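First comes the structure, then the notes that go with it.
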Amino acid sequence: MEHCCVPLCSASGRYNSTLSFHCFPKNASLQAKWSHKVRRTGFTVTQHTKVCSRHFKPHEIVISKKGRRALVAGAVPSLFEWNNYSTKERPGVWERRARPPSPEPDVIEPAAAEPVAIPMVMDHDYEASPTVCVDRQHYEQLKQEIDALREQLKTCHLSQLCRLTLSTQVNRFVLLNAMYVVKLYVCYASMLRY
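Under UniProt numbering, the first residue of the sequence shown carries the number 1, and numbering increases by one thereafter.
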């Protein structure tokens, strides 16, 4: 059964009798062109390696009197899925395309032109707006509030730390007493057994 060796082509002679399958040419330079066009890495050509007629232009396939399809001498596969089965040539990098004509700008006579207002740029502090001063005052006020909150956090942290150490000492005392009671109970229970 014949299968096409081109990547992304699932053509098979079993399911499609309208396709013809063509062996790679024996000519080394033409075979290299075919291999390059097929784009398969690590590909070795054998006598069973074939390319289906989908990958050739219609004028490259000739039908003999007996109905057998053959390729024109020098035919190279050029229609693939990665080029949408078309051979539209892309313009070269250095070729320029004709640009559409740009509309000409309206010409304004200098006498009819109106004066344009240019905004003033303020570079110095003495030209600062009152909103900047208000923002500065607000900034200072917020900074003082942050400092006060930091101080509260420090004192709160110290008092929490003291309370935590006190509570751990109390917990240790309770735990030791509980362990002592358990030991007494175990000793007493062991005496009762004998």
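Heads up, the beta-carbon is just placed ideally off N, CA and C, and yes, glycines get one too. Since this is a predicted model, take the numbers as computed values, not measurements.
{"query": "Name the DSSP beta bridge partners of residue 30, please?", "result": "The partner list for residue 30 (beta bridge, DSSP) is empty, contrary to what the question assumes."}
{"query": "Verify whether the separation of the beta carbon atoms of residue 34 and residue 77 is less than 8 Å.", "result": "yes"}
{"query": "Please state the DSSP three-state secondary structure of residue 12.", "result": "strand"}
{"query": "Check whether the stretch 20–28 and the stretch 43–54 are in contact - that is, three or more C-beta pairs closer than 8 Å.", "result": "yes"}
{"query": "DSSP has residue 142 in a bridge; who is on the other side?", "result": "According to DSSP, which records beta bridges pairwise, residue 142 is partnered with nothing at all."}
{"query": "Measuring from the CB of residue 44, is there a heavy atom of the ligand PLP at a distance below 7 Å?", "result": "For the ligand PLP, the structure offers nothing, since it holds no ligand at all."}
{"query": "Can you tell me whether DSSP reads residue 71 as helix, strand or coil?", "result": "strand"}
{"query": "DSSP three-state label for residue 48, please.", "result": "coil"}
{"query": "Whole angstroms are fine: how far does the CA of residue 94 sit from the CA of residue 45?", "result": "36 Å"}
{"query": "Can you give the Cα-Cα distance for residue 39 and residue 9, rounded to whole angstroms?", "result": "12 Å"}
{"query": "Check each candidate in 31, 72 and 56 and name the one with the smallest Cα separation from residue 83.", "result": "56"}
{"query": "Residue 5: buried (16+ other C-beta within 10 angstroms of its C-beta) or exposed?", "result": "buried"}
{"query": "In the structure shown, what three-state DSSP assignment does residue 62 receive?", "result": "strand"}
{"query": "Using 10 angstroms around the beta-carbon of residue 80, count the other beta-carbons present and answer buried if the total reaches 16, otherwise exposed.", "result": "buried"}
{"query": "Does DSSP classify residue 150 as helix, strand or coil?", "result": "helix"}
{"query": "For residue 140, count neighbouring Cβ atoms within 10 angstroms of its own Cβ and tell me buried if that reaches 16, exposed if not.", "result": "exposed"}
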